[in-house]
Amino acid sequence: MKKPLVGIVAKPCMETDMWHYMEIVDEIRKVLITNHALVIGILPTDRKIGFKLDENLDNCQLSLQEMEDLEELLSHLDGIVLEGGLVSNQYEEEIAKICIKKDIPILGICSGFNNLIRAMGGSVHIDDNIFHNQFGSKIAHDIEIEKNSTLFQIMKEKKLKVNSIHTCIAKKEEIKAYKVVATCPLDDTVEAIELEGKKFVMGIKWHPELMETMNPIFHEFVKRCSKDEI
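Residues in the sequence shown are numbered consecutively from 10, following our numbering.
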């Protein structure tokens with residue numbers, strides 16, 4: 010089977026007096042390669058990138074030419090990962106929209122989860138009680154998974170223990186178009202979403218790339234990205 014070409018979307022991470030930097034999480038790169046994907050970094054087509062905290066997403070729209078360039082870039086890929094981080098930009102939301110429209114498999118992690126939600130008209134909000142922002146914690150809480158879901162088919166478990174490293178959360182009423190497939194039983198926040206009728210569209214709030222037990226998610230994602238997959 011020919012290896013699928015999967016892009017990890019780079020995020021702004023740092024700026025100095027002279028340079029700006031883009032970031033790709035290496036743990037995601039490694040787990041995709043382990044599951045037999047060819048992996049490349051995807052850079053935005055915007056000529057100017059706004060650096061914003063995730064809860065203050067830059068609302069500056071891409072130009073028509075930038076959007077056309079972005080669609081051309083994504084047309085060469087078999088799958089996309091929207092990674093986590095403290096910042097988001099409009100291009101990440103637009104990438105999610107294009108992938109959904111073109112049926113390109115996409116996996117959104119943490120802020121990638123947020124951008125998938127925004128792409129379909131939903132919203133997220135800041136978590137005031139910091140319960141979910143346990144940086145460095147391997148396990149933070151349980152999640153409950155819907156049996157009638159791709160996530161359950163992958164993990165074959167009704168309950169899982171996950172890490173939790175984020176500041177923004179979503180409630181069910183903030184989600185549009187997606188099927189909510191996992192929640193945190195302690196406060197009923199949404200932990201995973203899926204879009205039915207597509208090859209693979211899944212948003213995950215925790216960080217599976219940091220947990221070996223979550224490898225089946227990446228294995229299935231890469232499998233769905235393959236052109237040989239039926």
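Each residue gets a CB set at the ideal place from its N, CA and C atoms; glycine is no exception.
Quiz prompt | DSSP-derived helix/strand/coil call for TYR100 | solution = helix
Practice problem: Starting from MET211, trace the beta strand (DSSP E) both ways and give me its first and last residue. | Solution: 210-213
Quiz item: Between which two residues does the alpha helix (DSSP H) containing LEU83 stretch?
Solution: 73-83
Self-check item: Residue environment, ILE184, which counts as buried when at least 16 other CB atoms sit within 10 Å
Solution: buried
Exercise. State the DSSP-derived secondary structure class of GLY159, mapped to helix, strand or coil.
Key: Gly is not the amino acid found at residue 159; the sequence shown has Thr there. Three-state DSSP puts THR159 in a helix.
Quiz item: Which residues in the same chain as LYS207 place their Cβ atom closer than 6 Å to its Cβ, once the five residues preceding and following it in sequence are excluded?
Solution: ASP112
Quiz item: Per DSSP, VAL18 is paired with what?
Solution: ILE51, LEU91
Self-check item: Per-residue burial, ILE7 [other beta carbons within 10 Å of its own, 16 or more giving buried]
Solution: Lying outside 10 to 239, the shown extent of the chain, residue 7 is not represented and no answer is given.
Self-check item: Where the beta strand (DSSP E) containing LYS188 begins and where it ends
Solution: 188-192
Quiz prompt | Pick from ALA19, ILE51, TYR100, MET164 that is closest to ARG127, judged by C-alpha positions | solution = TYR100
Quiz item: Taking just the CA atoms, how far does ILE104 sit from ALA19?
Solution: 12 Å
Quiz item: At what residues does the alpha helix (DSSP H) containing GLY117 begin and finish?
Solution: Looking at the DSSP string, GLY117 is not in any alpha helix (DSSP H); the run it does join, the beta strand (DSSP E), is 115-118.
Practice problem: For TYR30, collect the residues of the same chain with a Cβ closer than 8 Å to its Cβ; drop the 5 residues on either side in sequence, then sort them by chain order. | Solution: PRO21, CYS22, MET23, GLU24
Self-check item: Beta-carbon proximity of HIS141 to SER173, cut-off 9 Å
Solution: yes
Quiz item: Over what stretch of residues does the beta strand (DSSP E) that includes VAL199 continue unbroken?
Solution: 199-203
Self-check item: Spatial neighbours of MET129 in its chain, beta-carbon cut-off 7 Å, leaving aside the 5 residues before and after
Solution: LYS185, ALA186, TYR187
Quiz item: What's the gap between the Cα of ILE37 and the Cα of LEU71?
Solution: 27 Å
Quiz item: Between ILE118 and LEU83, is the Cβ-Cβ spacing less than 9 Å?
Solution: no
Self-check item: Distance, ASP197 Cα to LEU5 Cα
Solution: Here the chain covers residues 10 to 239 and nothing more, so residue 5 does not appear.
Quiz item: Which residue comes first and which comes last in the beta strand (DSSP E) that contains LYS170?
Solution: 168-171
Quiz item: DSSP beta-bridge partners for ASN142?
Solution: ILE174
Quiz item: With distances taken from CA atoms, which of GLN162, ALA179, CYS193 is nearest GLU229?
Solution: GLN162
Quiz prompt | Helix, strand or coil at ASP35 [DSSP, three-state] | solution = helix
Self-check item: Reference LEU169; option with closest CA among SER97, ILE152, LEU95
Solution: ILE152
Self-check item: Where MET211 falls, given that 16 or more other Cβ within 10 Å makes a residue buried
Solution: buried
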